[in-house]
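Below: the structure, in structure tokens.
Residue numbers (the numbering used here), protein chains in the order written: chain R, 45 to 157; chain C, 29 to 136.
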């Protein structure tokens, strides 16, 4: 079945540590996105990529980094520079046109030890 | 003020009731999305609208571009409809702006 797979479902980060969240899709979608969700707030865009080897900062990119070396994969690294990383992270993808539905992964809950 | 406002924030109803969730936005948009988030956290796209009305099963979504307003209706609500419903608007080519969500609980 086609879809988006995020892993792990739960992740714990120690002080000063970088951690990487995985996002893989087999939908042949061009565009991929990373969002952060905090309790009581709407999703906020961290990074997005419209094509392989290209990505753009979203509204809250500080403390995060991404890569898009393959069409299927868009990993997100939460660096030690992100001082408040505890949140629910969602990856999404779509075909590329503005009038296409978004498909979401099941999310990763990141917590700080 | 948020660019996308949803109401109500929380809604509890009895099984079988007709449900309406509202979304107002203050910016020009190219499309509006209704999303459903279940307790596990995963999000499913329900509708994408740029005008008029769409129906899928017991769900109906409408949008009024002039009034910058959209509604999501659920007919004959069921406990499995309990979820957070999120409105999101597309500004430009890639920027989605999300509402804070409406938590819906349907009691048997």
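For every residue, glycine included, the Cβ atom is placed at its ideal position computed from N, Cα and C.
Using a Cβ distance threshold of 8 Å, residue 129 of chain R and residue 156 of chain R count as a contacting pair. Taking the beta carbon of residue 81 of chain C as reference, no residue of chain R falls within 7 Å; the closest one sits roughly 16 Å away. Taking every protein chain shown into account, the CB of residue 54 of chain R has fewer than 16 other CB atoms within 10 angstroms, so this residue is exposed. Contacts between residue 61 of chain C and chain R, judged by CB atoms closer than 9 Å, involve 145, 146 in chain order. Apart from the 5 residues on each side of it in sequence, residue 106 of chain R sits with its Cβ closer than 8 Å to the Cβ of 125, 126 in its chain, given in chain order.
The beta carbon of residue 132 of chain R falls within 8 Å of a beta carbon belonging to chain C, placing the residue at that interface.
Remark: C-beta atoms of residue 99 of chain R and residue 88 of chain R do not approach each other more closely than 8 Å. In this structure, the alpha-carbon of residue 128 of chain C lies about 12 Å from that of residue 52 of chain C. At a cut-off of 8 Å between beta carbons, residue 64 of chain C makes no contact with chain R.
Chain-order list of chain C residues neighbouring residue 150 of chain R: 68, 69, 70, 71, by C-beta distance under 9 Å.
Distance between residue 111 of chain C and residue 32 of chain C, taken at the CA atoms: about 19 Å. In summary, residue 125 of chain C is buried, with 16 or more beta-carbon neighbours lying within 10 Å of its beta-carbon over all protein chains present.
In the three-state scheme derived from DSSP, where H, G and I count as helix and E and B as strand, residue 98 of chain R is classed as strand.
Interface annotation, residue 89 of chain R: in contact with chain C, CB-CB separation under 8 Å. Annotated three-state conformation of residue 131 of chain C is strand, per DSSP.
Look at residue 112 of chain R here: in three-state DSSP terms it is coil, with no helix or strand label. Check the Cα spacing between residue 101 of chain C and each of C:48, C:80, C:135: the tightest is with C:48. Residue range 111 to 119 is occupied by the beta strand (DSSP E) that includes residue 114 of chain C. CA-to-CA, the gap between residue 56 of chain R and residue 152 of chain R works out to about 10 Å.
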